[in-house]
Structure formats: structure tokens, C-alpha cells
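Yeah, the sequence shown ends on 294 if you go by my numbering, and it's all consecutive. Working notes for the structure below.
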Amino acid sequence: MNKKYILCIFAVLITITNSSYAFPAYSKPMSKRATLVPTSEKFNIPSEAEAGTTGISVDDINNLNAVGKLDIVKNDGSTDCCTASVINTDNGNIAITAAHCLFDFNTQTWNSEVYFYPGYNNGQQGKVGKVTATDGYIYDTFMENPILYDYGFIKLDYQGKRLQDDTGSFAYDLDIPRDNYPVNVFGYPIDGEMNCPRDGEHLCEYEGLSFDMPPDVPNPQSYRAITIDVGQCSSGGPWVRIYNPDTNEGNVMGVSHGILPEPYPDESAAWSWTHDEFANLLALADN
Numbered sequence: 008m009n010k011k012y013i014l015c016i017f018a019v020l021i022t023i024t025n026s027s028y029a030f031p032a033y034s035k036p037m038s039k040r041a042t043l044v045p046t047s048e049k050f051n052i053p054s055e056a057e058a059g060t061t062g063i064s065v066d067d068i069n070n071l072n073a074v075g076k077l078d079i080v081k082n083d084g085s086t087d088c089c090t091a092s093v094i095n096t097d098n099g100n101i102a103i104t105a106a107h108c109l110f111d112f113n114t115q116t117w118n119s120e121v122y123f124y125p126g127y128n129n130g131q132q133g134k135v136g137k138v139t140a141t142d143g144y145i146y147d148t149f150m151e152n153p154i155l156y157d158y159g160f161i162k163l164d165y166q167g168k169r170l171q172d173d174t175g176s177f178a179y180d181l182d183i184p185r186d187n188y189p190v191n192v193f194g195y196p197i198d199g200e201m202n203c204p205r206d207g208e209h210l211c212e213y214e215g216l217s218f219d220m221p222p223d224v225p226n227p228q229s230y231r232a233i234t235i236d237v238g239q240c241s242s243g244g245p246w247v248r249i250y251n252p253d254t255n256e257g258n259v260m261g262v263s264h265g266i267l268p269e270p271y272p273d274e275s276a277a278w279s280w281t282h283d284e285f286a287n288l289l290a291l292a293d294n
């Protein structure tokens with residue numbers, strides 16, 4: 008494993024400069040709250056930025072085009088990168104990613120601008136080009152503790168059309184199965200251990216087992232894990248269960264969070280949501 012991402016728990020908050028993958032160590036108890044409050048924010052859309060895309064006609068619908076690169080402008084003007092994927096919704100313009108790709112815990116501010124490039128690969132935009140995110144949706148608990156509820160949704164401006172009709176989309180699990188089973192994990196890493204160029208320009212894939220956390224760590228049922236470091240900029244990338252490489256279909260059952268602090272295992276983790284928790288936040292985004 009890349010040891011620079013292993014964090015220790017201290018009594019004080021440690022500031023990490025790259026918030027897209029590494030997290031502040033946090034000593035607050037990691038228990039699920041009885042009541043969750045969804046929160047949302049509108050992203051800035053500069054007047055010179057194209058709203059939506061070029062609106063080109065896409066006749067080659069491929070669900071793998073649902074995975075894309077996120078370019079992020081933070082509140083202080085600096086930039087960051089993540090991964091997101093379109094999921095199947097009534098709205099048709101909803102993507103799932105990590106909460107820390109939308110909200111900066113270190114500065115306690117929402118990111119300013121978010122742009123999505125579905126189907127991005129090998130340094131090239133996908134067929135639909137650049138899509139502007141208009142709104143972000145997360146749970147407020149993440150704002151209090153950055154290793155809890157680290158997932159969220161973005162609403163996208165696709166010029167009055169449904170993005171998923173042109174890119175395809177993944178289904179999702181409302182009830183995440185336990186025990187060990189295969190997953191395919193996607194992202195655009197700039198480091199880590201995925202077997203690919205790891206330059207932030209290529210869509211990379213890891214196939215392996217996902218598993219429950221050991222029972223002797225805090226909140227073992229709240230996370231799933233895989234054995235590799237997926238790397239920076241893979242944050243928010245989908246963990247797809249029952250993935251079919253011929254049709255690029257499957258169920259999203261998590262998104263890449265990063266390396267949890269000790270005493271968690273030194274492996275990439277994903278938050279393991281519950282049925283009502285996921286459905287309630289998605290309903291807010293889908294309206």
C-alpha cells in the first residue's frame with residue numbers, strides 16, 4: 008500500500024491539503040445518527056461557461072459512458088478532480104459521487120463549480136462533451152465527520168434532455184448485500200495501485216472481491232472494502248456489483264471514499280448506505 012495515505016487518529020484535526028482522497032484524522036465517535044438531514048447547494052455557473060453540452064446526437068449508447076471524470080473548482084479557486092457515474096433515475100440527469108467531491112470538510116465550504124465529462128478516456132472527452140453540474144446533495148453528517156456518509160448526488164444540466172438516454176446509466180442497490188462478492192471499481196487515478204497508466208486521463212478498472220470490515224473495528228457494518236489503494240481522483244468512482252462487461256450493466260453498491268484512519272484496515276473503503284438513507288437523499292436530488 009502507499010503509506011502516505013495511512014492516517015493516525017489524533018486528538019486534534021490534521022489538515023490534509025488534497026481533500027479529494029486523503030481525509031483529516033478525526034476522533035469523534037463514528038456512530039450512525041438516528042436522524043439524518045439532507046442538504047443541498049447550487050454550484051456557480053460562470054457566465055462564460057457553456058450550460059449543458061453541445062447537444063450533439065448520440066446513437067451509440069454504452070453504459071460505460073455513464074462513468075466520467077469530474078473537474079472541480081473549489082471555493083478558494085483551486086482545482087481538484089474526482090469520478091462520478093450516471094445512475095438510472097426519473098430525472099435522467101443525476102450522477103453519484105463522493106460527498107467530499109462536493110463539500111470541502113477542511114474549509115467547511117461547498118465546492119464552487121463542478122463539471123462532468125461522461126465517457127472521458129485517454130485524454131479525450133466522451134461523445135456528449137462537458138456537462139455542467141447545477142446542484143449537489145449530501146447528508147449534513149458528513150459536514151461534521153468526513154468519514155461518515157461519504158456519498159452524494161449531482162444534478163446535471165443537459166439542455167432539457169435526459170443525459171442517461173445518451174450515456175446509459177447504472178442501476179443501484181438500495182439494500183447492499185453483505186459477505187464477500189466481486190465488484191468492478193472505476194476511476195481516473197493519478198496514483199495508487201490500479202493497473203493502468205494512472206495519469207488522471209485514462210478510465211481505469213479494478214476487478215476483485217469487496218468485503219465487510221472485520222468485526223473488531225468501529226462500525227464494521229458501515230463500510231465495504233477492497234484490497235487496493237484506488238488512488239487520488241478515483242474518489243466517487245462507482246463500485247459495481249454483478250457487472251456485465253458485454254453490456255456494461257450492473258448495480259452501483261458504493262463509491263470510492265479513500266483510506267480510512269486506523270484502526271480500520273489499510274484498504275480503500277466505500278460507505279455502506281441503508282435503503283431509506285439512500286432513497287431519501289436521491290428523492291431530493293431527483294425532484
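We treat Cβ as the ideally placed atom computed from N, Cα and C, and that holds for glycine. This structure is a prediction, so every number in the text was calculated from the model and none was measured.
Self-check item: P45 in three-state terms, based on DSSP
Solution: strand
Practice problem: Please go through the stretch 125–152 and give each complete beta strand (DSSP E) segment of 3 or more residues, from N-terminal end onward. | Solution: 138–146
Quiz item: Buried or exposed: which applies to T60, given that a residue is buried once 16 or more other Cβ atoms fall within 10 Å of its Cβ?
Solution: With a pLDDT of 49 at T60, under the threshold of 50, the predicted position of this residue should be treated as unreliable, and no value is reported.
Quiz item: Looking only at DSSP bridge pairs, what is V237 linked to?
Solution: None; V237 has no bridge partner.
Quiz prompt | Inter-residue spacing [alpha-carbon to alpha-carbon] between D147 and D253 | solution = 38 Å
Practice problem: Would you mind reading off the limits of the beta strand (DSSP E) that contains E212? | Solution: 211–219
Quiz item: Looking at C-alpha atoms only, which residue of P153, Y195, P222, I249 is the closest neighbour of P189?
Solution: I249
Practice problem: Output the boundary residues of the beta strand (DSSP E) element that contains E256. | Solution: 256–262
Exercise. My understanding is that L181 touches A286, with C-beta atoms under 8 Å, so please give their C-beta distance in whole angstroms.
Key: 6 Å
Self-check item: Backbone CA spacing between A276 and D172 [nearest angstrom]
Solution: 30 Å
Quiz item: Excluding five sequence neighbours on each side, which residues of the same chain lie with their C-beta closer than 8 Å to the C-beta of I63?
Solution: Here the model assigns I63 a pLDDT of 48, short of 50, so the residue's position is not dependable and the matter cannot be decided.
Quiz item: Whole-angstrom Cβ separation of S241 and Y195, contact assumed at under 8 Å?
Solution: 6 Å
Quiz item: K49: buried (16+ other C-beta within 10 angstroms of its C-beta) or exposed?
Solution: exposed
Quiz item: Can you tell which of V224, S279, R185 has its C-alpha closest to the C-alpha of E269?
Solution: V224
Quiz prompt | Same chain only: Cβ atoms within 7 Å of P45, ignoring 5 sequence neighbours per side | solution = Y144, Y146, N287, L288, L291
Quiz item: Just checking my contact of I103 with V262 at CB under 8 Å: how many whole Å lie between their CB atoms?
Solution: 6 Å
Exercise. Within 10 angstroms of the Cβ of P204, are there 16 or more other Cβ atoms? Answer buried if so, exposed if not.
Key: exposed
Quiz prompt | W278 - partner residues in DSSP beta bridges | solution = Y230
Practice problem: Taking L77 and C88 to be in contact with their CB atoms under 8 Å, please state how far apart those CB atoms are, rounded to whole angstroms. | Solution: 6 Å
Practice problem: Indicate the three-state DSSP secondary structure (helix, strand or coil) for D78 in the structure shown. | Solution: strand
Practice problem: Identify which residue in D97, Y127, K81, R231 has its Cα closest to the Cα of V121. | Solution: K81
Exercise. Less than 8 Å between the CB atoms is what I'm expecting for Y165 and N100, so what's the real figure, rounded?
Key: 5 Å
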